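As structure tokens, the structure follows; a few thoughts come after it.
In our numbering, the protein residues as written are 240 to 1343.
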């Protein structure tokens, strides 16, 4: 069924009526909802009938504003429920597919002061039943700040009111295809405002009824709103897809699965790949056979269980009841595993049953990834499955075909061989079965399978049977004794990068490799990971152990901040942000091989790596259909464990050229202070920032370097999507010259870098509001409403509270923003269902207490923010040679250490954030004395028995380092000197420190972990203990959480123990009930003890 919703902005002119008529004739919607008709009832009825809709409801306009019309074709049975000047509510008794559901055409008040009445109307409509419900129309409000461009920033309170109304009604945005915005005003770019005011929202019942719907934003001409076209088609897209074998995790729930596999395995012959294919087909046939023989629908089993419960219990009846319950649970487990395998949801592991959630995720992914239209090279829309497959094939066939590359000698001259003979010995060690097993165990069990359909869980579950043969084959293949091409067949699936993609460049290709090949690739990757740090420039932080993405973010932020603050000086700087087009796919194989060779890798090792790269063949999977196979001549795959490491090795060519250009004086990097290191570039995989002197010469030289790199490596720099930022002292003429040379646009404020703001000004809350928007989108997914309480606990901890962490690792969040986010978490936790708010029985802070202290272990965002920032401070102290440490030290604490650093003048916000975590570090940091030569007696924490770990005795001018207190010959403390300099208590504490017998390096340690290494978890624990110093800890709460029962049962017991139950006494305290008496006896207050027998209930579970 098709439904058209449109704010037409008046139908008083014959011309607009004719255009509407033509639109309806082309689209042929079964139902239409028109807003702002600006017509009275009789006039609108004439227009409606002229358009071919004799059935309908018309709400007259109020003068020259308003007016609604809801009309339908004869084939649709519609019953009117209610209407007003803001809505028309109908029940669709029978659509084209015979479904029963409710549809409300809605018009939100244009005036801000009347929006509250609009949302209250929506809540009133929600009280009219639990039928599948869709609300569609012009709401005149935004859900997220990014749904608007131009004009004033939308009030967060206004958006919150809209979100709360939808949440109270259990409604969630259903998404869309097409342009982002549905309304626009203004004809010039300077005053153009665009917003997404029109949308569809629905409850979970409607989503389940129409899992494969689509909502399109159509082009508009005579209205400033675009029409919305909803298609509820319940025909599953891709239902004509070719069947491809896939090992189902649900098969493992069958008792005979392992024995059947063992029989098939031992009766099969041939090489390993052929044997695996034969066993896979055998398992599929086996499961099809037993399903046909044993399959009893769940509803039949449940009816049988009900019938058995009505009978007189005998031993035979009780035995059959038990068997029936087991059968029902097995079917439920099987269904849950089936949908979990398709949901790709990593955050929720085994626990409470959440089949409905997994089903919704799988349906959502399939709908989102469905490709219904592509544009070919002639810009024609192709909609047929065969045509779409041809467009994709031609695109990737061209993309993966080598264009040839120049001699990379200029690049290789700048690469210093850094892989030593000892490193090559480590790389060339013979692989063992343990290496193979390590690779298998490191993979996610439900990751998508490749061409052979055998997922990781297949190998992990049956490793005790097939492990020896698989290990032998993988080791043999790694040594070059097997044909990798036979197992290196790869399916490419396309993941949309934008909403409603129509061009191939708007998809991200993900390669689904066979697990057998991924095991071999992972073995090589694990070895390469051990030595890659030695050959990669410090400016590249991606995929190198010990380097973090936050390092690049902090350095980039500091450099851009310095450029913004630089208002004096003749020479200015630019920061060029590059966009690499299809970076992985364009890597030229000869160039990669040349770089590996120049770095010093063993020739046999290079041959092994290049075999993994060159033996691949591709087939593109679109809407379930696998296309024609082709062989590439360049490119590496996203999805191959080796690819990230090979790509950063390829990127080392760019670093080499930039280093060489800097040494020769062709380009000048950026130095934020005289003592700071010179930075010419920052790389994180294919995200690049290059810094140079803002002159025509500097820009031309850099462009020449980029051209050389592009011609040699195959990389294509998309200057149309690249941008440049200038320091404040660069004049307009120089800016224009540089922009003209690079053919890029200039930015007054740098764009985001690696997903975070490159600059945060005074309005910090607005700069970081994107985090709140992400959480809102996640909460607005209706599928999360189908979780049990145990599932909700995991969802909050693993998903919602993880969303802010990336930004919190670099920026200190305003307390008000943390409070708003925590308020969203609390509301979600306490609400009973999608449309019922629920009662907040305690504050969020109490829920953040550890479980053994009576809470639920949720995170206090403020404390966790400081813990994450303390990690940055720790890394500055523990890795002083890292680029980020050298930059920050040179800028903010050149003469001291991080703990004694001052905020400094004109500091960046990222430094302010890290600096704010010093106190957190001081609470747990300590120096372990080795030689004592690097520990300051007076400034460093090194005395463990003192509360502050610092000496408070008067300073002795001639004593600076702890080594001054140690006899270098005997390696003992100078007791007389210590008693002379320090007070008695401090002297005893110092003498209690054990010294190593031989001189060792001093070690910076963290008291929160036995290893002495800092962890965010232990820092958070220290902050929570400091925040709640008097919290109770005892065996009572532990006994609840140690029970072997579902999480939701434990949570209910916790609520009971905490008196979070809506008995009359509690409701009276909350001022919800007028009295606290028991409604049954009316003699005494109703409490949890009276209601459930008090302590008896807890004792039933073994809780004392």
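We put the beta carbon where it would ideally sit given N, CA and C, even for glycine.
In this text, all values refer to a predicted model and were calculated from it rather than measured experimentally.
Check: Within this structure, are the beta carbons of residue 920 and residue 945 separated by less than 8 Å?
Finding: no
Check: Quick one, are the C-beta atoms of residue 848 and residue 817 less than 8 Å apart?
Finding: no
Next item on the list: Within its chain, find whatever has a CB closer than 7 Å to the CB of residue 641; leave out the 5 residues flanking it on each side and keep chain order.
Entry: 827, 872, 873
Next item on the list: Could you say if the segment 787-800 and the segment 668-682 meet the contact criterion of at least three C-beta pairs nearer than 8 Å?
Entry: Because the criterion of three Cβ pairs below 8 Å is not met, the segment 787-800 and the segment 668-682 do not touch.
Note to self: Using C-beta distances below 6 Å, list every residue in its chain close to residue 725, excluding the 5 sequence neighbours before and after it, in chain order.
What the structure shows: 512
Notebook entry, point to check: By the 10 Å Cβ neighbour count, where 16 or more other Cβ atoms means buried, how is residue 308 classified, buried or exposed?
Noted result: buried
Item checked: Presumed contact (8 Å Cβ cut-off) between residue 467 and residue 245, rounded CB distance -> 7 Å
Margin query: Whole angstroms are fine: how far does the CA of residue 1301 sit from the CA of residue 1312?
Written below: 10 Å
Check: Which class does residue 1324 belong to by DSSP, given the choice of helix, strand or coil?
Finding: Strand at residue 1324.
Item checked: Buried or exposed (CB count within 10 angstroms, at least 16 for buried), residue 655 -> exposed
Margin query: For residue 265 and residue 292, I'd like the C-alpha separation in whole angstroms.
Written below: 15 Å
Next item on the list: Check each candidate in 365, 1078, 1080 and name the one with the smallest Cα separation from residue 329.
Entry: 365
Check: Just reading off the beta strand (DSSP E) that residue 646 is part of, what are its end residues?
Finding: Element bounds for residue 646: n/a, residue is neither H nor E.
Check: Going by Cα to Cα distance, which pick from 1170, 922, 974 is closest to residue 937?
Finding: Nearest C-alpha to residue 937: 974.
Notebook entry, point to check: When the distance is taken between beta carbons, is residue 1110 closer than 8 Å to residue 1059?
Noted result: The Cβ-Cβ distance between residue 1059 and residue 1110 does not fall below 8 Å.
Checklist line | Outcome for residue 1177 when other beta-carbon atoms lying within 10 angstroms are tallied against a minimum of 16 | finding: exposed
Item checked: Distance CB(residue 861)-CB(residue 733) smaller than 8 Å -> Taking C-beta atoms as the reference points, residue 861 and residue 733 count as a pair closer than 8 Å.
Notebook entry, point to check: Taking C-beta to C-beta, are residue 663 and residue 841 nearer than 8 Å?
Noted result: yes
Item checked: Runs of beta strand (DSSP E) lying entirely within the segment 1225-1266, each at least 3 residues, in chain order -> 1242-1245
Margin query: According to DSSP, is residue 816 part of a helix, a strand, or is it coil?
Written below: strand
Check: Alpha carbon to alpha carbon, what distance is there between residue 948 and residue 837?
Finding: 16 Å
Item checked: Environment of residue 930 [buried if 16+ CB atoms lie within 10 Å] -> Burial call: buried.
Item checked: Beta-carbon spacing of residue 383, residue 415 below 8 Å -> no
Notebook entry, point to check: What residues match up with residue 295 in a beta bridge as DSSP calls it?
Noted result: According to DSSP, which records beta bridges pairwise, residue 295 is partnered with 310.
Checklist line | Residue environment, residue 425, which counts as buried when at least 16 other CB atoms sit within 10 Å | finding: exposed
Item checked: Distance, residue 679 Cα to residue 710 Cα -> 10 Å
Note to self: Counting C-beta neighbours from all protein chains within 10 Å, is the total for residue 1249 16 or more, i.e. buried, or is it exposed?
What the structure shows: Exposed, by the Cβ-count rule.
Check: Got a sec: does the ligand GDP put a non-hydrogen atom nearer than 7 Å to the Cβ of residue 970?
Finding: The ligand GDP is not among the ligands present in this structure, which contains no ligands whatsoever.
Notebook entry, point to check: In chain order, what residues of the same chain have a beta carbon less than 6 Å from the beta carbon of residue 379, not counting five sequence neighbours either side?
Noted result: For residue 379, where only same-chain residues beyond five positions count, the Cβ hits under 6 Å are 347, 349, 436.
Notebook entry, point to check: Are the segment 1098-1118 and the segment 1147-1160 touching, with three or more C-beta to C-beta distances below 8 Å?
Noted result: yes
Next item on the list: Quick one: residues in its chain with C-beta nearer than 7 Å to the C-beta of residue 1195, no 5 flanking neighbours on either side, listed in chain order?
Entry: Within the same chain, residue 1195 has close Cβ partners 1220.
Margin query: Only counting the same chain, and skipping five residues up and downstream in sequence, which positions put a Cβ closer than 8 Å to that of residue 961?
Written below: Cβ within range, chain order: 815, 816, 817, 818, 981, 983.
Check: Expressed to the nearest angstrom, what Euclidean distance is found between the alpha-carbon atoms of residue 829 and residue 698?
Finding: 35 Å
Next item on the list: Determine, using beta-carbon pairs with one atom in the segment 748-755 and one in the segment 694-708, whether at least three such pairs fall under 8 Å.
Entry: yes
Check: Per DSSP, what kind of secondary structure is residue 629 in: helix, strand or coil?
Finding: Helix, per DSSP.
Next item on the list: Leaving aside the five residues before and after residue 966 along the sequence, list all residues of the same chain whose C-beta is less than 6 Å from its C-beta, in chain order.
Entry: 802, 805, 811, 812
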